[in-house]
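Undergrad: According to the working numbering, the residues represented by the sequence shown are 187 to 392, in order. Ideal Cβ placement from N, Cα and C applies to all residues, glycine included. Pasting a structure below so you can have a look.
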Amino acid sequence: MDGGVDMNDGGPLESLDRWVRRGPGRFLLLVIALTVAGTAVILAAGLVASGIDSHDPRFISGDPPDWASALGILLFGTGLATTTGGFLWLGHSGHYRRNARSRLWAKGWSRRRALVRQVRGTALRRDEDRPLLPLVAEHLIDQPAFALPLGGMAMLQVAQAFLRWAPGFVILAVVFVGVLGVVTVTALRNARSARAFLAEHAAGEA
Numbered sequence: 187m188d189g190g191v192d193m194n195d196g197g198p199l200e201s202l203d204r205w206v207r208r209g210p211g212r213f214l215l216l217v218i219a220l221t222v223a224g225t226a227v228i229l230a231a232g233l234v235a236s237g238i239d240s241h242d243p244r245f246i247s248g249d250p251p252d253w254a255s256a257l258g259i260l261l262f263g264t265g266l267a268t269t270t271g272g273f274l275w276l277g278h279s280g281h282y283r284r285n286a287r288s289r290l291w292a293k294g295w296s297r298r299r300a301l302v303r304q305v306r307g308t309a310l311r312r313d314e315d316r317p318l319l320p321l322v323a324e325h326l327i328d329q330p331a332f333a334l335p336l337g338g339m340a341m342l343q344v345a346q347a348f349l350r351w352a353p354g355f356v357i358l359a360v361v362f363v364g365v366l367g368v369v370t371v372t373a374l375r376n377a378r379s380a381r382a383f384l385a386e387h388a389a390g391e392a
């Protein structure tokens, strides 16, 4: 494959360690992701103990136990602060402005996807697309920053599941957190491939 990127240059733990060491912002994203995942586990355990196995009618009527209400309030406050702070940080750091002004948004979804695949090295790089690929790579490197406010929104959704204590809100929280997890992992993989592409591109021009 022409100019492919080697995605096997280290194990997952080594890659995660390198990602964390790159800055406190990324470490914060990791903490938020682990917090959301841990909260989801607590929610599942609590539902099994208080709502499903015991057939607690409060789980259907939306009357949460005291511990669920307290945890829901805590998560709601934390999620609201994280979401607000995350969006403010995106604006202050320039991530949002660069993303909003990117010329890539003028292209269709399938076209952007094809360009991303070329940057990742999973598709043959076309000569006519090569001038665009560094721009695509820079765009991909910025994407993990959006996990910060999205993580806060996930906390808000999980908080609603605790506060509402009803099956519909639980299902919504599980789906939201699951989708966020997939999006975050994809963004991190794309950012890693984009950095490798830019390094290769710079070496080729030297």
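Using only the alpha-carbon positions, how far apart do ASP249 and ARG350 sit?
TA: Looking at the two C-alpha atoms, the distance is approximately 7 Å.
Undergrad: Among residues of its own chain, excluding the 5 on either side of GLY338, which ones have a beta-carbon nearer than 6 Å to its beta-carbon?
TA: So the list reads GLY265, THR268, THR269 and GLY272, once near-sequence residues are dropped.
Undergrad: Can you check whether the CB of VAL305 is closer than 8 Å to the CB of PHE383?
TA: Yes. Within cutoff.
Undergrad: DSSP on ASP328, reduced to helix/strand/coil?
TA: ASP328 falls in the helix class under three-state DSSP.
Undergrad: The alpha helix (DSSP H) spanning SER156 covers which residue range?
TA: Residue 156 cannot be examined here, being either before or after the span of the chain that is shown, 187 to 392.
Undergrad: If I measure Cβ to Cβ from ALA380 and keep anything under 6 Å in the same chain, skipping five residues before and after, which residues do I get?
TA: So the qualifying residues of the chain are VAL305, ALA323, LEU326 and ILE327.
Undergrad: Using the Cβ count rule (16 or more neighbours within 10 Å means buried), how would you classify ARG316?
TA: By the neighbour-count rule (16 or more Cβ atoms within 10 Å), ARG316 is not buried but exposed.
Undergrad: Judging by CA-CA distance, which residue of LEU374, ARG284 and GLY294 is the nearest neighbour of LEU321?
TA: When each option's Cα is compared against that of LEU321, the closest is ARG284.
Undergrad: Rounded to a whole number of angstroms, what is the C-alpha to C-alpha distance between ARG207 and ALA331?
TA: Because the pLDDT of ARG207 is 48, which lies under 50, any placement of that residue in the model is unreliable, and the question is left without a value.
Undergrad: Rounded to the nearest angstrom, what separates SER240 and PRO251 at their Cα positions?
TA: With a pLDDT of only 45 at SER240, under 50, the local geometry of the prediction cannot be trusted, and the value read off the model is given with reservation. Using only the alpha carbons, I get a separation of about 13 Å.
Undergrad: Where does LEU286 land, buried or exposed, given buried means 16+ other C-beta within 10 angstroms?
TA: A small fix is needed here, since residue 286 is Ala in this sequence, not Leu. Exposed.
Undergrad: On the three-state DSSP scale, how would you describe LEU358?
TA: The answer is helix: DSSP assigns LEU358 an H, G or I state.
Undergrad: My guess is that LEU336 and LEU366 are in contact by the Cβ rule of under 8 Å, so how many angstroms apart are they, rounded?
TA: Rounded, the Cβ-Cβ distance is 6 Å, consistent with contact.
Undergrad: Roughly how many angstroms separate the alpha carbons of ALA345 and GLY258, rounded to a whole number?
TA: Taking the straight line from one Cα to the other gives about 4 Å.
Undergrad: To the nearest angstrom, report how far apart ALA292 and LEU318 are at their CA atoms.
TA: Their Cα atoms are separated by approximately 13 Å.
Undergrad: Please list, in chain order, all residues of the same chain as GLY263 whose beta carbon is under 6 Å from its beta carbon, the five residues on each side excluded.
TA: Within the same chain, GLY263 has no close Cβ partners at all.
Undergrad: Taking only runs that begin and end inside the segment 296–356, name each unbroken alpha helix (DSSP H) of 4 or more residues, in chain order.
TA: As far as the segment 296–356 is concerned, its whole alpha helix (DSSP H) runs of at least 4 residues are 319–328 and 333–350.
Undergrad: Assuming PHE362 and ALA254 form a contact by the criterion Cβ under 8 Å, report the distance between their Cβ atoms to the nearest whole angstrom.
TA: Contact flag wrong, Cβ pair sits at about 18 Å.
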